[in-house]
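Below is one structure, written out as structure tokens; comments come after it.
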Amino acid sequence: MDLAALGDCLGTSSCLIFQTVGGLKIGLLMFLVASGLTLIFGVLGVINFAHGSFYMLGAYLAWQTMALTDNFYLAVLAAALGVGLFGVLFERGFMSRVYRGDVLVQILLCYAFILILDDLVIIVWGEEFLSSLGIPDAFHRPPLFVGGAIVPVFHLFIIGFSTLVAVALWLFMTRTKWGKITRAAEQNPLMVSALGINTSLLFAGIFALGSLLAGLGGALAASERSISSGMGFSVVLESFIVTVIGGMGSIGGAFVAALLIGMTRSFGAIGFPLFTDGLMFVLMCLVLVLRPQGLMGRSGG
Amino acid sequence: MKHETFLKDVAIGIGVVLLLALLFQVITDPGIHDLIIKTCIFGLFALSLNLLVGYLGLVAFGHATGFATGAYVFGLLMQTGTWTIPAAMGVAVVAAAALAAVIGAFCIRAREIYFAFLTLAFQMILYSAIISFVSLTGGDQGLMGGYPKPPFLGIDLSRPFDYYLFVCGVTVICVILLRQVIQSPFGYALRMIRDNHERSYFLGIQVKLYQWIAFVIASALAAVSGVMMSLFVTGAFPNFAYWSMSAEPLFMILLGGMQTFLGPLLGAFILQLLNDLVTEHTRYYGLVLGLVILFFILGLRRGLLDVVWDKVSDRRRKAGTVRPASPVTGDAEARERS
Amino acid sequence: MTSSHDGISRRSVLKGASAAAAAATFGFPAIVRAQSATSIKLGIPTILSGRVAQLGISSTNAVKMAVDEFNAAGGLDGRMIELLIRDTKAKPEEAARVVRDFINSEGVDVVFNCEASSASFAVQEVVREAGTFCTHCCSETSSLSADPAIHSENSFRFARQGIHDAVASATYAAEMGKKKGIKKWMAVSPDYAYGRDSVEQFFNVLQQVDPEAEIVGYGWPKLFEPDYTQIITQVLQKQPDAVYSALWGGDLVSFIDQGALYGLFSGIEFFGINLADYTTMSAVRELPEGLHSGTRYIAAFPDTEANHAFDAAYHERWGDHPTNWAWQSAAGIDFLIAAIKETGSTDSGALAEAMRGMKRPSPFGADGTLTMRAEDQTVVNYALGWGTTVPKEPFLIDIASTDWSTVYEFETAWKKSQGYI
Amino acid sequence: MLKLENVHKAFGGVIAVDHVTLDFAPGSLSAIIGPNGAGKTTLFNLISGRIKPDGGRVVLDGEDIAGVHATEIVRRGIGRAFQVASIFPTLTVSEALTGAVLSHRRRTLTLAGRFHRSGLDERVSEIMTLTGLEAQADTLSANLSHGDQKLLDIALAIALEPKLLLLDEPTAGMGPDERWLMIERVQALWRTGGMTLIFIEHDMDIVFKIAQTIRVLKYGAVLAEGPPAAIRENPEVIEAYLGAPAEETAS
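Residue numbers (the numbering used here), protein chains in the order written: chain A, 10 to 310; chain B, 46 to 383; chain C, 4 to 424; chain D, 8 to 258.
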């Protein structure tokens with residue numbers, strides 16, 4: 010523990026900017042993935058424990074597209090759509106069969122997919138890790154210097170893009186017909202089916218959207234992270250923590266929680282360098298014990 | 046009258062231990078011995094978890110907390126070189142129970158998926174602690190360098206037969222105890238809570254207290270299996286506390302069946318066998334295991350022993366000689382319907 | 004990606020050249036099966052699945068090459084080596100079970116251990132009890148051989164060691180420090196035993212050879228950490244002259260890629276002990292100029308015909324380059340076969356006796372030879388050095404090799420400080 | 008024996024029970040009626056400890072039990088059955104009742120000894136006879152008919168030998184003949200058990216036939232109380248409640 014260092018950091022503008030921008034980037038990337046998890050939980054009431062593997066799949070698909078086309082944006086798009094499609098197949102073919110089963114069956118079904126996907130990517134892409142996608146040419150420029158801190162241009166892009174996605178999600182949920190139906194389904198699924206809305210279609214759609222977000226997160230993260238089998242697990246745990254802290258099913262909550270975790274990691278790395286992971290779990294336990302519905306969740310969950 | 050069934054269980058238990066001892070002499074392949082040992086260790090681990098999952102309806106995803114605590118406390122005590130095996134074992138189990146008492150007090154406040162992941166979160170904190178507390182735990186390398194296994198009561202656990210019989214015996218004792226818990230009035234109260242916790246409150250059953258006690262008992266038994274595992278490897282390793290160690294007994298429960306008392310034990314056997322056979326032939330063990338799980342979830346829809354039991358009771362039901370559900374097993378269909 | 008998977012099956016390996024040889028000897032291939040009854044059995048526990056599968060596979064690849072050659076040459080008076088390779092999924096308790104199974108059920112003559120550290124200790128416990136002959140080919144943790152408490156008469160380590168590397172790194176770093184005026188050091192290393200030991204031993208030796216070296220900070224990402232942003236920003240703020248890192252594989256690649264976005268390597272000298280590795284080097288997107296690396300396995304070092312030949316043969320058969328684990332396993336199997344030939348037996352006591360102090364020509368030796376040091380039964384005098392990385396083959400240039408007499412000197416001091424001698 | 012004094016409960020601004028003061032005499036049989044949403048079930052939940060009142064006192068035999076935990080209230084002698092039969096699907100009738108009897112005798116925390124019907128058999132058979140469930144002793148609760156499930160729910164409460172029994176619409180979801188059978192059993196239980204009984208009921212014929220006193224709730228407040236004859240004549244009740252009996256009784 011090094012609280013003095015943390016204090017020093019909070020007192021200098023360069024350190025503050027350094028850690029804040031870093032925390033924002035980490036947090037927003039986390040939000041992309043976690044928002045998918047929380048969206049699916051909100052409507053379908055299941056935790057897609059295989060969500061991290063979807064993230065991994067996104068990274069691999071992006072890498073493959075990149076290898077074929079050498080176009081970063083196309084790679085990200087292909088990963089998002091590809092994983093979205095995979096999500097639909099997963100939901101229709103497997104998950105929808107266990108909605109009425111108990112939690113154990115749902116967890117194990119997802120876990121089976123974690124195992125299968127981890128091996129499948131090895132069979133297809135080999136057991137060696139793959140290099141990152143690299144950043145698009147437009148961002149190949151020296152980093153900016155802001156108040157004594159260094160800020161990579163590409164991080165600004167990630168921050169901007171993720172924020173855009175967050176805003177788009179928010180607009181979708183509040184301004185569109187399907188968004189309203191989604192929120193209604195979170196409150197009362199029976200009512201939605203009573204209204205004559207095809208819930209199977211709705212569920213598949215939500216799963217597609219949630220998976221798409223995981224794929225998108227995976228592809229974007231792969232721009233600067235190496236890709237390997239098993240990379241999804243730490244991600245699903247983090248996403249779950251974000252989901253719990255924010256309130257299961259709450260997109261806004263996930264946004265706040267992801268930023269909170271991002272900042273915890275960023276500043277925690279200075280104050281508690283060896284316990285940043287533990288810190289996340291402690292935070293989650295605190296929330297579960299003190300406010301089980303999460304920061305922005307509805308009560309009674 | 047009251048003790049008759051317990052004595053019957055004890056008699057069966059003694060019979061099983063004798064049979065296993067005989068098996069050791071008849072089948073001399075140590076690979077089979079190891080298979081039985083690991084089935085016992087993991088079987089007890091899974092059975093203890095099933096007290097929560099099957100009999101109480103609490104899906105705990107952090108059951109390895111007890112397992113790892115048992116293994117580490119035992120291993121650390123043995124490494125001092127001054128402890129006897131039974132004493133160290135006792136302390137390890139009590140330590141795990143005490144830890145479970147604290148963790149359980151928090152976890153039982155949460156329901157369903159929250160409970161599952163809260164137990165997982167506590168386990169991951171333990172894992173982080175084991176990894177970071179290098180001076181005590183050896184960090185990621187685990188408790189290395191082995192420890193002496195001083196003989197007690199004429200039992201020398203460094204001899205294969207002694208260790209084999211020790212594991213079999215301890216497992217059988219724990220299974221009898223667990224069966225006693227399940228068949229006791231307390232065990233029935235657990236079933237009532239699983240079926241309908243709301244109604245249980247209004248019958249005067251303090252639901253949370255019962256859940257907490259069951260949580261502590263299950264963790265203590267998990268610690269026993271952890272101790273036996275520590276003896277198997279003469280050490281303890283952080284992956285005992287890793288999340289995947291908690292997933293294993295859930296598989297076993299799924300494979301063997303959660304409605305039948307010994308289902309998880311069968312599940313442990315299947316998983317060990319699967320592990321041994323599959324890893325000999327392919328390194329895509331995960332793929333195979335994943336497909337097996339899918340088959341059980343979507344194809345069979347319950348564990349193997351449950352299937353067998355349902356078949357048997359179906360036939361007897363048709364013959365009109367048996368009531369629809371055994372008090373031991375509950376009834377899977379009825380539970381699905383509810 | 005490229006290796007064949009046939010070697011995984013229980014009793015495979017007597018194939019290809021060896022099968023041809025057997026057929027030539029006995030007239031028909033069916034005899035291969037019967038022959039295996041008297042074969043020399045090697046049980047290999049290793050990691051074939053998960054994130055580090057590549058390492059385990061490369062280990063077994065190297066072993067298969069030597070074994071096929073041995074069998075093709077007629078084995079030991081017709082006794083062929085049979086390989087039993089099992090995936091232990093990097094779990095120590097699984098390694099213990101597999102090794103017990105090897106010894107008790109399969110009756111292996113030798114446990115050829117290709118496990119990482121913690122599983123190696125579990126394997127050591129089993130073979131120590133059973134008395135089986137064992138070679139550890141992958142664990143770099145010094146205490147495995149240095150600590151007398153876990154010593155076994157029949158266990159030999161064929162792997163580089165943390166303390167040796169630390170001496171090599173520190174002497175090189177001190178020299179570079181003088182040349183480039185490096186005073187302030189920082190460490191970025193994975194938060195597990197290997198990463199911590201590596202840093203501790205490096206700084207320990209560094210401060211002895213360069214008393215002016217100052218340590219300004221540590222960054223401890225966890226193993227398999229995907230995102231290094233918070234570590235990188237810390238480094239930038241501490242402004243050290245140089246960073247020492249024991250990161251490896253995909254983690255190291257991610258760190259370099261992410262650090263490059265910040266221009267991290269333009270003002271800071273980077274010393275990555277595990278960088279010059281074929282897999283890693285070919286995965287880094289854009290390698291910054293002038294990074295320093297230790298030698299893991301690289302065909303360019305030692306720059307000898309024998310070493311290039313090994314790389315070429317490996318590449319031809321497996322379509323890939325050897326890894327650090329591959330050369331260590333190759334050395335292990337070479338010594339083992341030599342011991343088998345020398346004693347004409349597979350008795351563990353006899354093999355151990357032959358092994359102790361054995362010195363053999365080897366592509367991986369510092370002076371063309373490797374020595375199995377008798378006192379602690381670990382390999383020494385392997386090629387050890389540091390150089391500067393370049394983005395293309397040979398990947399590492401200006402390599403300075405380490406003087407083993409210096410290594411011995413510091414190693415002895417270290418052993419004393421640990422209470423091992 | 009049970010007094011409600013100024014009991015108040017609101018759910019996020021919506022008043023469910025509005026300063027209710029009621030007195031139930033020992034051994035009485037009273038009905039609570041009122042339109043849907045009048046706060047009847049909420050009142051039961053407040054008495055039985057399922058929820059805590061925002062204000063007021065719930066006095067049982069001179070002791071305030073407001074805010075006391077449900078299990079403790081059960082121990083003090085209040086049993087209840089639910090509008091939707093609340094039973095244990097995977098237990099047989101006799102097992103469930105054995106569990107309830109064991110709980111009443113505070114033996115469910117016992118780890119020693121077996122869960123045995125012997126020894127308890129007498130009491131369990133007695134309850135089954137009282138409730139007419141003898142024939143179903145070994146039937147799985149989930150497989151019982153709707154009416155029997157309601158009976159079992161009541162039987163579970165009876166097993167606790169309550170001083171005060173709360174029945175929430177014992178005849179809900181039953182056909183006309185079944186209703187009368189049920190209500191006769193309830194009446195018989197009350198007579199033999201010597202307990203105080205309060206029940207919520209929508210069927211006015213039943214209410215007026217068997218209740219000694221009737222309390223009418225509306226919007227959470229007590230609109231009227233008194234013997235059936237008085238209630239029948241009460242103009243406020245007629246206007247507010249009986250004025251539209253067809254819809255209400257049908258619901």
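Positions of the beta carbon are idealized from the N, C-alpha and C atoms, including for glycine.
From a predicted model like this one, the values you see are computed outputs, not experimental measurements.
Roughly how many whole angstroms lie between the Cα atoms of residue i and residue j?
i: D/Ser152; j: D/Gln143; result: 10 Å
i: A/Pro151; j: A/Ala230; result: 20 Å
i: D/Pro235; j: D/Phe215; result: 6 Å
i: C/Arg36; j: C/Glu109; result: Low confidence applies here, because C/Arg36 scores a pLDDT of 38, under 50, leaving its location unreliable and the question unanswered by this model.
i: C/Pro32; j: C/Ser42; result: Any reading at C/Pro32 must be qualified, since the residue scores a pLDDT of 34, below 50, and its modelled position is unreliable; no value is offered.
i: B/Ile148; j: A/Leu180; result: 41 Å
i: B/Arg380; j: C/Ala249; result: For B/Arg380, the predicted model reports a pLDDT of 36, less than 50, meaning its position is unreliable and no value from the coordinates is stated.
i: C/Thr307; j: C/Pro366; result: 7 Å
i: D/Ala17; j: D/Lys225; result: 14 Å
i: A/Phe122; j: B/Gly335; result: 6 Å
i: A/Val176; j: A/Leu292; result: 26 Å
Bridge partners for residue i per DSSP, in chain order?
i: C/Ala385; result: As written in the sequence, residue 385 of chain C is Tyr, which differs from the Ala given in the question. BP columns for C/Tyr385 point to C/Gly368.
i: C/Pro48; result: C/Arg89
i: C/Glu272; result: C/Ala245
i: D/Ile165; result: D/Ile165 is not bridged to any residue.
i: D/Ile40; result: D/Val223
i: B/Ser289; result: Paired residues: none, contrary to the question.
Taking Cβ positions only, does residue i come closer than 9 Å to chain A?
i: B/Met169; result: yes
i: B/Trp354; result: no
i: C/Asp254; result: yes
i: C/Ala24; result: Low local confidence applies: a pLDDT of 39 at C/Ala24 is under 50, so the model's placement there is unreliable, and no value is given.
i: C/Thr5; result: Residue confidence for C/Thr5 is low, a pLDDT of 36 falling below 50, so the modelled location carries little weight and cannot support an answer.
i: C/Gln204; result: no
For a test of your reading of the model: does the CB of residue i fall under 8 Å from any non-hydrogen atom of the ligand SAH? Yes or no.
i: A/Asp127; result: Summarising the ligand content, the structure contains no ligands, and the ligand SAH is consequently not present.
Measure the beta-carbon distance from residue i to residue j and round it to whole angstroms, keeping in mind my assumption that it falls under 8 Å.
i: D/Thr49; j: D/Val65; result: Incorrect: roughly 13 Å between the Cβ atoms, too far for contact.
i: D/Val27; j: D/Val229; result: 6 Å
i: C/His295; j: C/Phe268; result: Actually they are not in contact, since the Cβ atoms of C/His295 and C/Phe268 sit about 11 Å apart, beyond 8 Å.
i: A/Gly239; j: A/Asp128; result: Contact doesn't hold; Cβ gap of about 10 Å is too wide.
i: B/Gly280; j: C/Ala125; result: 7 Å
Is residue i close to chain C? Criterion is C-beta to C-beta, closer than 9 Å.
i: B/Gln186; result: yes
i: B/Val278; result: yes
i: B/Tyr255; result: no
i: A/Ile131; result: yes
i: A/Pro301; result: no
i: B/Val179; result: yes
Looking at the C-beta of residue i, does it have a partner C-beta in chain B at a distance below 9 Å?
i: A/Pro313; result: There is no way to answer for residue 313 of chain A, as the model of chain A reaches only from 10 to 310.
i: D/Thr78; result: yes
Using a Cβ-Cβ distance under 9 Å, would residue i count as near chain D?
i: B/Asp240; result: yes
i: B/Met237; result: yes
i: B/Gly232; result: yes
With 9 Å as the limit, tell me which residues of the segment 22-43 of chain A have their beta carbon closer than that to any beta carbon of chain C; keep them in chain order. Answer in chain order: Ser23, Cys24, Phe27, Gln28, Val30, Gly31, Gly32, Lys34, Ile35, Leu38.
Between the segment 319-344 of chain B and chain A, which residues of the former have CB atoms less than 9 Å from a CB of the latter, in chain order? Here the close residues are Arg328, Tyr329, Tyr330, Gly331, Leu332, Val333, Leu334, Gly335, Leu336, Val337, Ile338, Leu339, Phe341, Ile342, Leu343.
Near-chain D residues of the segment 201-228 of chain B - C-beta to any C-beta below 8 Å: Hits within the stretch, in order: Gln225, Val226, Gln228.
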